[in-house]
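Remarks on the structure that follows.
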Amino acid sequence: LPAQETTAPSQRAARFARVSLAVRHSKTMSKKSPGDFIKQVLGRPVIVKLNNGADYRGILSCLDGYMNLAMEQTEEYIDGQLKHKYGDTFIRGNNVLYISAQPKK
81 LPAQETTAPS
91 QRAARFARVS
101 LAVRHSKTMS
111 KKSPGDFIKQ
121 VLGRPVIVKL
131 NNGADYRGIL
141 SCLDGYMNLA
151 MEQTEEYIDG
161 QLKHKYGDTF
171 IRGNNVLYIS
181 AQPKK
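Start counting the sequence shown at 81; every next residue gets the next number (the numbering used here).
Next comes the structure, spelled out in structure tokens:
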């Protein structure tokens with residue numbers, strides 16, 4: 081018997097939309113690997129979105145192959161509202177939804 085998919089239709093649609101956007105975006109950009117992006121943002125301000133919806137904004141200090149990461153000068157945002165400020169922060173990789181470069185102010 082084929083395995084049944086356990087994700088809700090809305091989750092599948094959202095995942096498909098993210099993948100489609102990434103594919104379209106990658107066609108317009110030069111070929112860069114995720115490693116190139118990480119090298120570019122190490123030591124710079126980033127936004128880390130977690131699976132629970134929280135955002136962490138700070139300076140990316142280091143990242144390993146499991147996407148475990150360390151950040152400095154970190155701020156925690158929940159529903160767009162600043163909740164806490166931390167010095168050094170360590171985030172386990174399985175909680176990370178994505179990492180993005182923080183836009184310049």
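Ideal Cβ positions, reconstructed from N, Cα and C, are used throughout, including at glycine.
Quiz item: What does a CB cutoff of less than 6 Å around Leu122 pick up in its chain, not counting 5 residues either side in sequence?
Solution: Within the same chain, Leu122 has close Cβ partners Leu140.
Quiz item: When DSSP labels each residue in this structure, what does Gln182 get in the three-state scheme?
Solution: Reduced to three states, the DSSP call for Gln182 is coil.
Quiz item: Which of helix, strand or coil does DSSP assign to Asp116?
Solution: DSSP, read as helix, strand or coil, puts Asp116 in helix.
Quiz item: On the three-state DSSP scale, how would you describe Arg104?
Solution: Confidence at Arg104 is low in this model, with a pLDDT of 45, below 50, so the placement of that residue should be treated as unreliable; the coordinate-derived value is given next. In the structure shown, Arg104 sits in a helix (DSSP, three-state: H, G or I).
Exercise. Return helix, strand or coil for Val123, following the three-state DSSP convention.
Key: The sequence given here has Gly at residue 123, not Val. In the three-state reduction of the DSSP assignment, Gly123 falls in the coil class, being assigned neither a helical nor a strand state.
Quiz prompt | Assigned exposure category for Leu149 - 16 Cβ within 10 Å defines buried | solution = Classification of Leu149: buried, given that the 10 Å Cβ count is 16 or more.
Practice problem: Name, in chain order, the residues that DSSP records as bridge partners for Ala134. | Solution: Answer is none; Ala134 lacks a bridge partner.
Practice problem: Kindly list the residues whose CB is nearer than 7 Å to the CB of Tyr146, restricted to its own chain and excluding five residues on each side of it in sequence; keep chain order. | Solution: Hits under 7 Å: Gly173.
Quiz item: Candidates Ser180, Tyr166 and Gly133: which alpha carbon is nearest Leu159's?
Solution: As written in the sequence, residue 159 is Asp, which differs from the Leu given in the question. The shortest C-alpha separation from Asp159 is found at Gly133.
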